[in-house]
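Enquirer:
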Amino acid sequence: MLGGPHARCYPEDARKYFDYVVGFTDRQVIHDIVRDCARHRPQGLLLAAKQQPLELPGVRERWKFIAPTLRKAPFLKIVPMLGSLGCPYTCSFCIDSVVPYQPLDLEVLKRDLRFLLRTVGRPRVAWHDPNFGVRFDETMDAIEEAIPEDSIDFIAESSLSLLGEDHLRRLQRNGFKAVLPGIESWYDLGNKSKTGKAMGMEKVRQVSDHVNLILRHLPYVQTNFVLGLDGDSGPEPFELTKRFLKATPGAFPGFSLLSAFGRAAPVNLDLQRTRRVLPFPFHFLDNNRAMNVRPKNYAWGDFYDQVIGLTRYAFSWPAIGRRFRATSGNIPRWMNVVRAVSSEGFGRIRYYQEVRQRLHSDPPFRRYFEQETTELPKFFVAQVRRDLGPFWDSLPPGALHHDPNAYANSEARPPPTPLRTGVRPAQ
Ligand code: B12
Ligand code: SF4
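Taking our numbering, the leading residue of the sequence shown gets 6, the next gets one more, and so forth.
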């Protein structure tokens with residue numbers, strides 16, 4: 006049985022290898038599978054509940070899994086929690102834009118926080134909600150009711166629109182140490198940044214002021230950007246991000262190359278229909294090692310030149326120094342330095358430079374990017390082989406290939422039917 010993001014985004018691929026491929030899952034789905042309990046070959050059975058479950062096991066129930074994982078964490082030991090699922094916003098590239106926002110039970114949340122405080126000295130909790138604090142007051146009331154002020158360190162991914170000064174004060178009082186707002190683009194998605202129709206330099210100024218305000222209340226801010234969105238063209242978006250970093254020296258920038266994860270997002274259907282999705286193996290789909298969407302307004306070489314320029318700027322020694330000085334607290338300061346000099350900063354500059362150089366000098370490599378061939382360049386095959394080590398020989402034949410247009414192609418076919426009564430197929 007396979008569930009999780011791969012099963013949800015690439016069911017056509019997953020069913021080649023698994024008897025059950027599961028999307029949203031609730032007790033009924035599990036019950037159906039256990040009752041059916043059969044081998045489904047040559048293609049696994051697709052199953053899904055209509056929506057995300059209304060309740061999930063809390064930290065106390067998951068503690069037997071969380072505790073051994075924390076023991077393995079070398080430095081920062083962080084407990085993952087969820088207060089909600091889905092998101093009310095509609096960023097077209099995001100898996101949660103089509104999942105209705107749904108808060109989870111606040112009583113479970115309170116019980117879990119009390120449990121953590123009893124069990125761990127000073128816990129660190131990362132809220133893995135796609136967008137933390139949509140129901141801000143209810144959630145904060147629950148936290149304040151459950152535990153004393155500032156007794157747990159919290160990390161959360163929230164959109165800027167939820168991070169006004171009143172909210173920031175309350176977050177600060179309650180031990181929030183890091184937030185990760187998504188800015189994504191200077192030309193789009195103004196609603197989630199609270200910048201409305203502002204674009205370009207005007208949006209840079211507004212967002213920069215806002216992030217500097219956050220930094221006055223919370224020690225760590227990571228601002229996320231998506232590079233290569235269709236609204237971007239020419240050097241300007243990259244130059245604007247540099248201006249933003251200069252004006253907001255304390256923010257740590259997280260850059261993602263635009264990626265289309267199968268069925269994850271509404272925009273993927275259009276990207277597949279217009280044949281803009283490249284068949285990079287799943288191994289590389291981590292928002293960085295490969296960009297599997299052909300950019301609309303850039304040639305590959307120009308795009309990588311811009312990405313390299315921006316990454317170099319963001320992780321140059323002067324920028325690292327500025328970030329160090331603009332950040333308070335030892336852990337946030339040094340974390341920023343370590344991230345910049347590790348595979349996330351320096352490592353990516355080296356990697357992108359290698360890709361850029363091969364686009365210039367390695368014809369089979371360039372042909373793959375230009376969608377003139379689907380034969381995976383040796384450069385990428387070698388990486389999978391190296392990363393898998395002894396597991397390379399266990400890779401099933403064909404596992405490095407998938408249909409990048411499976412989502413669009415499936416729209417033309419009737420939905421799959423259940424193989425047995427009582428087992429519901431995915432919608
Ligand atoms: C939290 C999160 C993380 C956390 C995970 C921490 C952790 N230990 O869990 C962190 C920050 C570490 C992380 C990292 C990464 N992530 Co992430 N992450 C998420 C996020 C926001 C929420 C996932 C979640 O827990 N949801 C709550 C659960 C309850 O919902 P669910 O996952 O949909 O699960 C339901 C079903 O899928 C099913 N189900 C799930 N598992 C199983 C298992 C079985 C057996 C069954 C039957 C059912 C089942 O039941 C659940 C209830 O319906 C998702 C976006 C999203 N909202 O889905 C991205 C997401 C999963 N991440 C993604 C990516 C790309 C990454 C990174 C590669 C990013 C990077 N550049 O490094 C890394 C990869 C890390 C890794 N090694 O796998 C992508 C995956 C795309 C894809 N299809 O492959 C997603 C979908 C975001 C996106 N870009 O669209 N991530
Ligand atoms: S605000 Fe964040 S979680 Fe919500 S749809 Fe946009 S990108 Fe996704």
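Note that the Cβ used here is the ideal one computed from N, Cα and C, for glycine as well.
Please read all numbers here as calculations on a predicted model, not as lab measurements.
(1) Rounded to whole angstroms, what's the CA-CA distance from Gly180 to Met204? Just pull it up for me.
(2) DSSP state of Leu290, grouped into three classes?
(3) For a quick check, are the C-beta atoms of Ser111 and Glu143 less than 8 angstroms apart?
(4) Can you check DSSP and say which residues form a bridge with Pro409?
(5) Run through the DSSP bridge pairs and tell me what Leu50 is partnered with.
(6) Exposed or buried, what is Leu59 when buried is set at 16 or more other beta-carbons lying within 10 Å of its beta-carbon?
(7) For Tyr225, which of helix, strand or coil comes out of DSSP?
(8) What number of angstroms, rounded off, separates the C-alpha of Phe374 from the C-alpha of Trp305?
(9) Can we say the segment 358-367 touches the segment 100-116, given the rule of at least three CB pairs closer than 8 angstroms?
(10) In three-state terms, what does DSSP make of Ala131?
(11) Tell me the DSSP bridge mates of Pro85?
(12) I want to check one thing, is the minimum distance from the CB of Cys14 to the heavy atoms of the ligand SF4 below 7 angstroms?
(13) So the beta strand (DSSP E) Pro258 belongs to, where does it begin and stop?
(14) As a quick exercise: from Ala161, Phe141, Arg76, Leu220, pick the residue whose alpha carbon is nearest that of Arg338.
(15) Examine the Cβ distances between the segment 296-303 and the segment 231-239 and report whether three or more of them are shorter than 8 angstroms.
(16) Kindly indicate which three-state DSSP category Phe266 falls into: helix, strand or coil?
(17) Between Arg174 and His222, is the Cβ-Cβ spacing less than 8 angstroms?
(18) Could I get the ranges of all uninterrupted alpha helix (DSSP H) runs contained in the segment 265-351, with 4 residues as the minimum, in chain order?
(19) For Ile188, which of helix, strand or coil comes out of DSSP?
(20) Give the range of the beta strand (DSSP E) segment to which Ile160 is assigned.
(21) Taking buried to mean at least 16 other C-beta atoms within 10 Å of its own C-beta, is Gly239 buried or exposed?
(22) Measure the C-alpha to C-alpha separation of Val428 and Gln56 and round it to an integer number of angstroms.
(23) Per DSSP, what are the beta-bridge partners of Pro108 in this structure?
(24) Taking DSSP as the reference, what is the three-state secondary structure of Phe141?
(25) Indicate whether Leu167 and Leu109 have their beta-carbon atoms separated by less than 8 angstroms.
(26) In this structure, what does DSSP give as the bridge partners for Ala183?
(27) Under 7 angstroms from any heavy atom of the ligand SF4, does the C-beta of Thr95 make it?
(28) Is the beta carbon of Pro433 within less than 7 angstroms of some heavy atom of the ligand SF4?
(29) Could you work out which residue in Val272, Arg294, Val282, Leu364 is closest to Cys96 when comparing CA atoms only?
(30) Does the count of Cβ pairs from the segment 407-417 and the segment 381-399 closer than 8 angstroms reach three?
(31) If you draw a straight line from the alpha carbon of Met145 to that of Asp155, how long is it in whole angstroms?
(32) On a Cα-Cα basis, can you pick out the residue from Tyr22, Pro409, Tyr15 that is closest to Gly28?
(33) When you compare only the Cα positions, how much space is there between Ile148 and Arg178?
(34) Can you tell me where the alpha helix (DSSP H) holding Trp68 begins and where it ends?
(35) The alpha helix (DSSP H) spanning Asp392 covers which residue range?
(36) Around the C-beta of Tyr22, are 16 or more other C-beta atoms found within 10 angstroms, so that it is buried, or is it exposed?
Expert: Let's see:
(1) Counting from one through the sequence shown, the residue named residue 180 turns up at place 175. Counting from one through the sequence shown, the residue named residue 204 turns up at place 199. Going from the Cα of Gly180 to the Cα of Met204 covers about 33 angstroms.
(2) Here residue 290 refers to the residue found at position 285 when the sequence shown is read from its first residue. Correct three-state label for Leu290: coil.
(3) If you number the sequence shown from 1, residue 111 lands on position 106. If you number the sequence shown from 1, residue 143 lands on position 138. Note on residue identity: the sequence assigns Leu, not Ser, to residue 111. Yes; because the gap between Cβ atoms is below 8 angstroms, this pair is in contact.
(4) As a working mapping, residue 409 is identified with position 404 in the sequence shown. Answer is none; Pro409 lacks a bridge partner.
(5) Position 45 of the sequence shown, counting from 1, holds the residue named residue 50. In DSSP, Leu50 forms a bridge with Tyr25.
(6) On the sequence shown, residue 59 is found 54 positions in, with the first residue counted as 1. Exposed, because fewer than 16 other Cβ atoms sit within 10 Å of the Cβ of Leu59.
(7) Translated into the one-based positions of the sequence shown, residue 225 becomes position 220. Correct three-state label for Tyr225: strand.
(8) What you label residue 374 is simply residue 369 of the sequence shown in a count that begins at 1. What you label residue 305 is simply residue 300 of the sequence shown in a count that begins at 1. Each residue's Cα considered, the two are about 8 angstroms apart.
(9) Touching, no.
(10) The residue given as residue 131 occupies position 126 in the sequence shown. If DSSP states are grouped into helix, strand and coil, Ala131 belongs with the strands.
(11) On the sequence shown, position 80 is the one that residue 85 refers to. DSSP lists Ala131 as partners of Pro85.
(12) Indexing the sequence shown from 1 puts residue 14 at position 9. Not so, every heavy atom of the ligand SF4 lies at least 7 angstroms from the Cβ.
(13) Here the question's residue 258 lines up with position 253 in the sequence shown. Run containing Pro258: 257-262, per the beta strand (DSSP E) assignment.
(14) One-based indexing of the sequence shown puts residue 338 at position 333. The residue from Ala161, Phe141, Arg76, Leu220 with its alpha-carbon nearest to that of Arg338 is Leu220.
(15) In this structure the segment 296-303 lies against the segment 231-239, because at least three pairs of beta carbons, one per stretch, are closer than 8 angstroms.
(16) As a first step, residue 266 is located in the sequence shown; it is residue number 261 there, counting from the start. Reduced to three states, the DSSP call for Phe266 is coil.
(17) Mapped onto the sequence shown, residue 174 falls at position 169. Mapped onto the sequence shown, residue 222 falls at position 217. In this structure, His222 lies closer than 8 angstroms to Arg174 by Cβ.
(18) 271-278, 305-319, 322-331, 335-346
(19) In the sequence shown, the residue the question calls residue 188 occupies position 183. Three-state result, Ile188: strand.
(20) Counted from its first residue, the sequence shown places residue 160 at position 155. Element bounds for Ile160: 158-161.
(21) Stepping through the sequence shown from its first residue, residue 239 is reached at position 234. Counting Cβ neighbours within 10 Å, Gly239 comes out exposed, since fewer than 16 surround it.
(22) The sequence position of residue 428 within the sequence shown is 423, counting from 1. The sequence position of residue 56 within the sequence shown is 51, counting from 1. Because the pLDDT of Val428 is 40, which lies under 50, any placement of that residue in the model is unreliable, and the number read from its coordinates should be weighed accordingly. So the two alpha carbons sit approximately 16 angstroms from each other.
(23) Locating residue 108 in the sequence shown gives position 103, where the first residue counts as 1. Answer is Ser89, bridged to Pro108.
(24) Numbered from 1 along the sequence shown, position 136 holds the residue referred to as residue 141. Reduced to three states, the DSSP call for Phe141 is helix.
(25) In the sequence shown, counting from the first residue as 1, residue 167 sits at position 162. In the sequence shown, counting from the first residue as 1, residue 109 sits at position 104. Not closer than 8 angstroms, so no.
(26) Position 178 of the sequence shown, counted from the start, is the residue given in the question as residue 183. Paired residues: Ile160, Tyr225.
(27) To locate residue 95, count along the sequence shown from 1; it is residue 90. At least one heavy atom of the ligand SF4 is nearer than 7 angstroms to the Cβ of Thr95, so yes.
(28) With the chain running from 6 to 432 in the structure shown, residue 433 is simply not present.
(29) The residue you call residue 96 lines up with position 91 of the sequence shown. Of the listed residues, the one whose Cα sits closest to Cys96 is Val272.
(30) no
(31) In the sequence shown, counting from the first residue as 1, residue 145 sits at position 140. In the sequence shown, counting from the first residue as 1, residue 155 sits at position 150. One Cα belongs to Met145, the other to Asp155, and the distance between them is close to 12 angstroms.
(32) As a working note, residue 28 is residue 23 in the sequence shown. Minimum Cα distance to Gly28 is reached at Tyr15.
(33) Counted from its first residue, the sequence shown places residue 148 at position 143. Counted from its first residue, the sequence shown places residue 178 at position 173. Looking at the two C-alpha atoms, the distance is approximately 11 angstroms.
(34) Counting from 1 along the sequence shown, the entry for residue 68 is found at position 63. Trp68 -> alpha helix (DSSP H) spans 64-77.
(35) The residue labelled residue 392 in the question sits at position 387 within the sequence shown. Start and end: 383-393.
(36) As a working note, residue 22 is residue 17 in the sequence shown. By the neighbour-count rule (16 or more Cβ atoms within 10 Å), Tyr22 is not buried but exposed.
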